[in-house]
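So the sequence shown is numbered by numbering that gives the first Met the number 0: it starts at 0 and just counts up by one.
Note that beta-carbon positions come from the ideal geometry of N, C-alpha and C, so glycine has one too.
These notes are about the structure you will find just below.
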Amino acid sequence: MAESGSLPTGFGELEVLAVGMVLLVEALTGLCLNSLTILSFCKTPELRTPTHLLVLSLALADSGISLNALVAATSSLLREWVTGPNVSHRRWPYGSNGCQAHGFQGFVTALASICSSAAIAWGRYHHYCSRSQLAWNTAISLVICVWLSSAFWAALPLLGWGHYDYEPLGTCCTLDYSRGDRNFTSFLFTMAFFNFFVPLFITFISYRLMEQKLRKTGHLQVNTTLPARTLLFGWGPYALLYLYATIADVSSVSPKLQMVPALVAKTVPTINAINYALGGEMVHRGIWQCISPQGSGLDRAR
0 MAESGSLPTG FGELEVLAVG MVLLVEALTG LCLNSLTILS FCKTPELRTP THLLVLSLAL
60 ADSGISLNAL VAATSSLLRE WVTGPNVSHR RWPYGSNGCQ AHGFQGFVTA LASICSSAAI
120 AWGRYHHYCS RSQLAWNTAI SLVICVWLSS AFWAALPLLG WGHYDYEPLG TCCTLDYSRG
180 DRNFTSFLFT MAFFNFFVPL FITFISYRLM EQKLRKTGHL QVNTTLPART LLFGWGPYAL
240 LYLYATIADV SSVSPKLQMV PALVAKTVPT INAINYALGG EMVHRGIWQC ISPQGSGLDR
300 AR
């Protein structure tokens with residue numbers, strides 16, 4: 000980290016403010032949309048189905064990503080006002096233990112978001128192609144597995160396999176890729192296989208098979224390309240940065256460019272909320288009932 004009163008290496012004052020503002024907008028947008036999804040599930044009986052339980056899991060994970068971004072944005076924008084203009088401004092204010100907790104929370108929710116998207120893809124394939132309702136015990140088991148697996152992989156850096164450290168801006172924490180040693184490389188490839196490539200494969204294949212089966216009947220009611228593209232383009236930049244760190248000195252990449260994957264990934268909660276909640280007729284109606292008491296009363300009258 001930089002010395003007291005200094006800016007992060009490679010960043011100017013306006014650039015730090017710009018990154019903080021982008022993080023703030025991403026965080027608030029993701030929190031608002033995913034909170035509506037969670038609220039609509041809780042308040043609308045029609046939405047309390049096994050399939051929508053998987054969407055709820057995704058909304059909870061994405062809310063966690065947005066909260067993580069909100070902490071980073073707060074550190075970027077408000078630290079100066081906490082300590083004064085000449086004392087360690089816009090730096091991580093919560094110490095090393097806080098950095099580890101922030102990295103763990105962000106990694107748990109990121110992995111849970113990726114795996115929940117794959118679970119939804121499989122659940123939709125099961126529903127649309129087998130024409131049988133997803134069972135509650137299956138949906139609950141999937142959600143438990145998603146979160147236990149995510150917590151397991153996110154805990155490993157705390158136990159010594161991998162490591163959490165500050166991102167180049169110095170106001171948020173993530174998996175440390177700056178070392179590029181054998182410890183990081185072995186953790187990265189193992190973790191990425193189970194938590195990125197396997198979920199991406201499940202998502203792509205599930206929607207591909209669904210599209211092939213249902214396009215002939217004209218009953219295709221879901222976007223079969225956006226979920227896989229969201230995983231690939233939302234989390235792919237992180238995967239490329241981590242991969243580069245295993246084969247070359249990542250310090251050759253400018254700090255500004257190293258921050259791009261974090262900013263791109265923080266858009267995923269908003270995209271997911273639009274695709275799975277606002278883009279679904281049932282969930283859309285549930286959200287409308289939550290934000291419009293008059294609309295809720297009309298629905299009940301019908």
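Please go through the same chain and pick out, in chain order, the residues whose beta-carbon is closer than 7 angstroms to the beta-carbon of L155, but skip the five residues on each side of it.
Its chain contains G161, F186 as the residues whose beta carbon lies nearer than 7 angstroms to that of L155, once the 5 sequence neighbours on both sides are disregarded; these appear in chain order.
Proximity to V15 [Cα-Cα], best of Q99, T48, S75, L32:
S75
What residue from G102, T43, E25, S251 has the CA that sits closest to G179's CA?
S251
Residue range of the unbroken alpha helix (DSSP H) whose run includes T245:
That run of the alpha helix (DSSP H) goes 225 to 246.
Opposite C172 in the DSSP bridges: which residues?
Y165
Look up W160 in the DSSP assignment and say whether it is helix, strand or coil.
coil
Chain-order list of residues whose beta-carbon lies under 8 angstroms from that of S177 (same chain, five-residue window excluded)
D164, A244, V249, S250
With 16 as the cutoff for other CB atoms within 10 Å, does E12 come out buried or exposed?
In the assembly as shown, E12 is an exposed residue. Its beta-carbon has fewer than 16 other beta-carbons within 10 Å.
Counting beta carbon pairs with one atom in the segment 131 to 143 and one in the segment 44 to 55, are three or more of them shorter than 8 angstroms?
yes
Figure out for me which residue from V221, K255, N96 has the closest Cα to the Cα of C128.
V221
Cutting at 6 angstroms between CB atoms, please list the residues of its own chain near L59, excluding the five before and the five after it.
So no residue of the chain qualifies.
Give a single yes or no on whether T108 has its beta carbon closer than 7 angstroms to a heavy atom of the ligand NAP.
The ligand NAP is absent from the structure shown, which contains no ligands of any kind.
What residue does the alpha helix (DSSP H) around Y127 start on, and which one ends it?
94 to 129
Can you give me the start and stop residues for the alpha helix (DSSP H) that P254 sits inside?
254 to 264
N- and C-terminal bounds of the alpha helix (DSSP H) containing N222:
First-last for N222: undefined, no H or E at that position.
S185, enclosing alpha helix (DSSP H) - first and last residue
181 to 191 is the extent of the alpha helix (DSSP H) around S185.
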